[in-house]
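Okay, structure first, notes after.
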Amino acid sequence: MDNEMVVNFPGGKRVDAHYNGFHIETDQSPKYGGKGAAPEPYDLFLASMATCAGIYVLSFCERRGLPTEGLRLVQRWFRDGAGRLERIVLDVQLPEGFPEKYHRAVIRAAQQCTVKRTLDDPPELEVRVATSGGESTARAASMLPVAGQG
Numbered sequence: 001m002d003n004e005m006v007v008n009f010p011g012g013k014r015v016d017a018h019y020n021g022f023h024i025e026t027d028q029s030p031k032y033g034g035k036g037a038a039p040e041p042y043d044l045f046l047a048s049m050a051t052c053a054g055i056y057v058l059s060f061c062e063r064r065g066l067p068t069e070g071l072r073l074v075q076r077w078f079r080d081g082a083g084r085l086e087r088i089v090l091d092v093q094l095p096e097g098f099p100e101k102y103h104r105a106v107i108r109a110a111q112q113c114t115v116k117r118t119l120d121d122p123p124e125l126e127v128r129v130a131t132s133g134g135e136s137t138a139r140a141a142s143m144l145p146v147a148g149q150g
């Protein structure tokens, strides 16, 4: 099923996801009781932002026959005093000789990333409880803030 991901707990602080034939492993760092055997879930969130922008930039270049050897994206993120993610900066490092007339268009391509657009207009996230006997009536309201309230 393309819109379903199953998560299981193989031991320790490992939490793994199964989606569309892929097995995605996560672990916590030793600082948080894990073994550091896989990225932490938040690391995958950050990687999804950079790799999503990356495929948009790569596709932009390939469609125009622009050079991609040496093309690189470097992502940095910044937190506020409470540790909340405040800003993400994505530097697109273009190969030498990359035509300047495409610089702004490359930025626009990166900004079309589906992950970025999802953050711009977050979906509702509903958490429910299900048991082997059926679904519980316990539900939690959206965990994501309403625009302008978070």
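Numbering-wise, my numbering puts 69 at position 69 of the sequence shown, and it's gapless, one number per residue.
Note that CB positions come from ideal geometry on N, CA and C, so glycine has one too.
Treat the numbers as computed from the prediction; the structure is a model and nothing was measured.
DSSP places residue 43 in the uninterrupted alpha helix (DSSP H) bounded by 41-64.
Rounded to the nearest whole angstrom, the CA to CA distance from residue 84 to residue 77 is 10 Å. By a beta-carbon distance limit of 8 Å, residue 115 contacts residue 48. Their separation comes to about 5 Å. Straight-line measurement puts the Cα of residue 133 at about 44 Å from the Cα of residue 56. Counting along the chain, residue 84 sits inside no alpha helix (DSSP H), nor does DSSP assign it H or E at all. Considering only 44, 38, 71 and 126, the residue with the shortest C-alpha distance to residue 27 is 38.
For residue 119, the secondary structure class from DSSP, reduced to helix, strand or coil, is helix.
Looking at the DSSP output, residue 17 bridges to 7 and 24. Counting only the Cα atoms, residue 105 lies some 15 Å from residue 90. Sequence-distant Cβ neighbours of residue 29 in its own chain, meaning closer than 8 Å and more than five residues away, are 36 and 40.
Per the coordinates, the alpha-carbon of residue 107 lies some 43 Å from the alpha-carbon of residue 130.
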